[in-house]
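Sequential numbering of the sequence shown, starting at 1, is according to full-length UniProt numbering.
Here's the structure we're looking at; comments come further down.
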Amino acid sequence: MAIFRLIFNIAWFVLGGFVMGLAWWLAGLLCFISIIGIPFGRACFVIGEMAFWPFGQQTVNRRQLTGEHDLGTGTMGMVGNIIWFLLFGIWLAIGHLTHALACFITIIGIPFGIQHLKLALLSLTPIGQTVVPKEQY
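See below:
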């Protein structure tokens, strides 16, 4: 199973994952301009790494994973997600949706399109989410 994950991740990286991973990292760098944006920037780098190699990883709400509330899973997380959506989320989602549509043109691209759709959904509200290996959750 690990060999298929590696093959899919390499194909993903070549066929659009590299571009979207860089987009996430660019958003992270822009977030680091202000002190308030540092937590957003950190999340961008974590999700950007997932955007480079998504197969074998998934996102999970931190509250469900740990069973505890934190700053990102409460009201402040919701406010952060609204700010994120207005500044960066919509643009990253559009990028992932564009790549998904391009992938859905061919049958072999369908798994890649599905991953882009998952990342598009994540790009709308990433605060309070964490990336874990599929085996962990």
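Built from N, CA and C at the ideal position, the CB exists for glycine as well.
Checklist line | residue 156 versus Met78: straight-line alpha-carbon distance, rounded | finding: Absent from the model: residue 156. The displayed extent of the chain is 1 to 137, so no value can be given.
* **Coarse secondary structure for Thr125, derived from DSSP in three states** => Residue mapping note: residue 125 aligns to position 125 of the sequence shown, counting from 1. Three-state result, Thr125: coil.
- request: Tell me the start and end of each unbroken alpha helix (DSSP H) in the UniProt domain "Inner membrane component" (79 to 129) that is at least 4 residues and wholly inside, in chain order.
  value: 90 to 103 and 110 to 124
State the start and end residues of the unbroken alpha helix (DSSP H) segment that holds Gln46. Locating residue 46 in the sequence shown gives position 46, counting from the first residue. According to the sequence shown, residue 46 is Val rather than Gln. For Val46, the enclosing alpha helix (DSSP H) stretches over residues Ile38 to Phe52.
Boundaries of the alpha helix (DSSP H) in which Thr66 is found, first to last residue:
Position 66 of the sequence shown, counted from the first residue, corresponds to residue 66. Counting along the chain, Thr66 sits inside the alpha helix (DSSP H) bounded by residues Arg62 to Thr66.
> Can at least three beta-carbon pairs, one atom from the region 113 to 127 and one from the region 93 to 103, be found at a separation below 8 Å?
Replying inline: As far as the Cβ criterion goes, the region 113 to 127 touches the region 93 to 103, which means the pair count is three or higher.
Item to complete: Go ahead and label Met20 buried or exposed: buried means 16 or more other beta carbons lie within 10 angstroms of its beta carbon, across all protein chains shown.
Response: If you number the sequence shown from 1, residue 20 lands on position 20. The residue in question, Met20, is buried, as its Cβ has 16 or more Cβ neighbours within 10 Å.
Leu92 to Ile7 span [Cα, whole Å] = For the purposes of this step, residue 92 is taken as residue 92 along the sequence shown, with counting starting at 1. For the purposes of this step, residue 7 is taken as residue 7 along the sequence shown, with counting starting at 1. Going by the C-alpha atoms only, they are around 25 Å apart.
Query - Contacting residues, own chain, Cβ-Cβ under 6 Å from Phe55 (five flanking each side not counted) - result: As a first step, residue 55 must be located in the sequence shown, where it is residue number 55. Excluding residues within five positions, the ones whose Cβ falls inside 6 Å are Arg5, Phe8 and Asn9.
From Lys134, Ala11 and Gly128, pick the residue whose C-alpha is nearest to that of Thr73; which is it?
Reading the sequence shown from its first residue, position 73 is the one you call residue 73. Among Lys134, Ala11 and Gly128, the Cα nearest to that of Thr73 belongs to Gly128.
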